[in-house]
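Q: Below you'll find the structure I mean.
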Amino acid sequence: MAKEFNVPPVVFPSSTGGNTSTIGPNQTGTHQRRIPTFTPPFQPSNPNPTQHLPFMSFDVGSATASSSFSAPVFSTGNGYSTGMGGGPGSFEDELPLLEELGINTRQIWRKMRSILNPLKVNPNLHADADLSGPFLFLMAFGLFQLLAGKLHFGIILGWVVVAALFLYVVFNMLAGRDGNLDLYRCVSLVGYCMLPIVIFSALALFVPQGGVAVFILGAIFVIWATRVCTRLVVELASCGDEHRGLIAYACFLIYTLFSLLVIF
C-alpha cells in the first residue's frame, strides 16, 4: 500500500491587485505568472543630462569661430608682458647650453691651436683658466689607452691632480711670496699641455710596442709638451722667468711620467 504525503498548496500572486490564486495538490489548471519589471539603477531623471553640463556640449554651431590664435601672455615683475613667441625673456634670448655650463668651444679651439704650434704659443689665450678643455683631452687620452688595451682613466685623472699640485708647490717655493700661480690655473695649464701626449698616444697605436720608434716619438712629444707648459707658466706667473730651468725640469718630469703610460 502506497503511503500518501500531504503536499501544501502553492500560492501564486494575482495580476489584478493583491488577490491570490491557490492551486491545491488535486487541482489542475493553468496560471500565467506575472513577470516583474525593474527599472535600471542610477537612471537620471533628466533625459538630456548634457543640459546641466555645459563643458560637455558638442554644439559646433554655438561656438564662435576664430581665424587667429594668440600665444599666452605672461606678466613679469618689471612691467613687461612676455609671450611664447618673442619679447624680453623669450627662448630666443636664452644662452646656449654649453655657455650656461661655462664651456666655450671657441676658446677651447683657440687654445688648442696655440698649443699645436710650440714656436708661437699665445699666453694671452690661457689667461682665463678653465677645466673643460683639459677634461676633454684627458678623456681622449684615456680612450686611446683603452684602444691599446689599457684601462687608465682613474690613473690619468689622479696623476693630473698630483702633477698640478707638484708644479704648484715647486713654483711657489721658487717664487716665494711674489708667486701668484694658483692651483686652478695650474691644473688648467697642465691639462691643456697634455695635448701632445694625447697625440702621441694616438700615434702609438700604429707603432710596434717596445721598439726604438716609440721611444723616439715619446721623446719628441715630451719635449713639445715641456716647452709649451714652461712657456705658459713663465709668461702667466710673476717671477717665473728667473727660474725657467727649474720649471722646465718639473714639467719634463710630469710629461715623462705620462709618456711612460703609453710606452709600457
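Numbering (the working numbering), first residue to last: 582 to 845. Beta carbons are placed, not taken as given, at the ideal position from N, Cα and C, and that holds for glycine.
Give me, in chain order, the residues of the same chain whose beta-carbon lies closer than 7 angstroms to that of residue 728; leave out the 5 immediate sequence neighbours on both sides.
A: Closer than 7 angstroms at the Cβ level, and outside the excluded window around residue 728, lie 786.
Q: Which value, in whole angstroms, describes the spacing of the CA atoms of residue 810 and residue 678?
A: Residue 810 and residue 678: Cα-Cα distance of roughly 31 angstroms.
Q: Given residue 709, which residues of its chain have a CB within under 8 angstroms of its CB, disregarding the five upstream and five downstream residues?
A: So the list reads 688, once near-sequence residues are dropped.
Q: Thinking C-beta only, is residue 820 closer than 7 angstroms to residue 756?
A: Cβ distance < 7 angstroms, so residue 756 and residue 820 count as in contact.
Q: CA-CA distance, residue 818 and residue 765?
A: In a straight line, the C-alpha of residue 818 is about 13 angstroms away from that of residue 765.
Q: Would you kindly work out how many angstroms separate the C-alpha atoms of residue 777 and residue 697, rounded to a whole number?
A: The straight-line gap from Cα to Cα measures roughly 8 angstroms.
Q: Could you check where the alpha helix (DSSP H) with residue 832 kicks off and where it finishes?
A: Start and end: 825-844.
Q: Helix, strand or coil for residue 709 per DSSP?
A: Coil.
Q: For residue 747 and residue 843, which I take to be in contact (beta-carbon distance under 8 angstroms), what is that distance rounded to the nearest angstrom?
A: Not really, about 20 angstroms apart at Cβ, beyond 8 angstroms.
Q: Taking one C-beta from the segment 740-754 and one from the segment 767-775 each time, how about it: are there three or more such pairs within less than 8 angstroms?
A: Taking 8 angstroms as the limit for Cβ pairs, the verdict is that the segment 767-775 does touch the segment 740-754.
Q: Determine the direct distance from the alpha carbon of residue 691 to that of residue 779, and round the result to whole angstroms.
A: Roughly 17 angstroms separates the two Cα atoms.
Q: In this structure, does DSSP put residue 789 in helix, strand or coil?
A: Three-state DSSP puts residue 789 in coil, outside helix and strand.
Q: Here's the rule: buried if 16 or more other CB atoms are within 10 angstroms of the residue's CB, otherwise exposed. What is residue 806?
A: Buried, because 16 or more other Cβ atoms sit within 10 Å of the Cβ of residue 806.
Q: Do the CB positions of residue 749 and residue 803 come within less than 7 angstroms of each other?
A: Going by C-beta atoms, residue 749 is not nearer than 7 angstroms to residue 803.
Q: Could you pull out every residue in the same chain whose Cβ sits closer than 8 angstroms to the Cβ of residue 760, ignoring the five residues on either side in sequence?
A: Once the five neighbours on either side are set aside, the close Cβ partners of residue 760 are 752, 753, 818, 819, 820.
Q: Since residue 692 is in the alpha helix (DSSP H), which residue starts that stretch and which ends it?
A: Unbroken alpha helix (DSSP H) run through residue 692: 686-697.
Q: Go ahead and pull the three-state DSSP assignment for residue 675.
A: Coil.
Q: Where residue 813 and residue 704 are concerned, what is the direct C-alpha to C-alpha distance, given to the nearest angstrom?
A: Computed Cα separation, rounded: 6 angstroms.
Q: Looking at the structure shown, is residue 763 part of a helix, part of a strand, or coil, going by DSSP?
A: Three-state DSSP puts residue 763 in coil, outside helix and strand.
Q: Would you mind giving the Cβ-Cβ distance between residue 724 and residue 738, rounded to the nearest angstrom? I have them listed as a contact below 8 angstroms.
A: At roughly 13 angstroms, the Cβ-Cβ gap does not stay under 8 angstroms, so residue 724 and residue 738 are not in contact.
Q: Count the other CB atoms within 10 Å of the CB of residue 789; is the residue buried (16 or more) or exposed (fewer)?
A: Exposed is the call here.
Q: What residue does the alpha helix (DSSP H) around residue 729 start on, and which one ends it?
A: Looking at the DSSP string, residue 729 is not in any alpha helix (DSSP H), and its letter there is neither H nor E.
Q: For the candidate residues 731, 815, 845, whose alpha-carbon lies nearest to that of residue 767?
A: Residue 815 is the option with its Cα nearest to residue 767.
Q: Looking at C-alpha atoms only, which residue of 840, 823, 822 is the closest neighbour of residue 798?
A: Ranking 840, 823, 822 by Cα distance to residue 798 puts 840 first.
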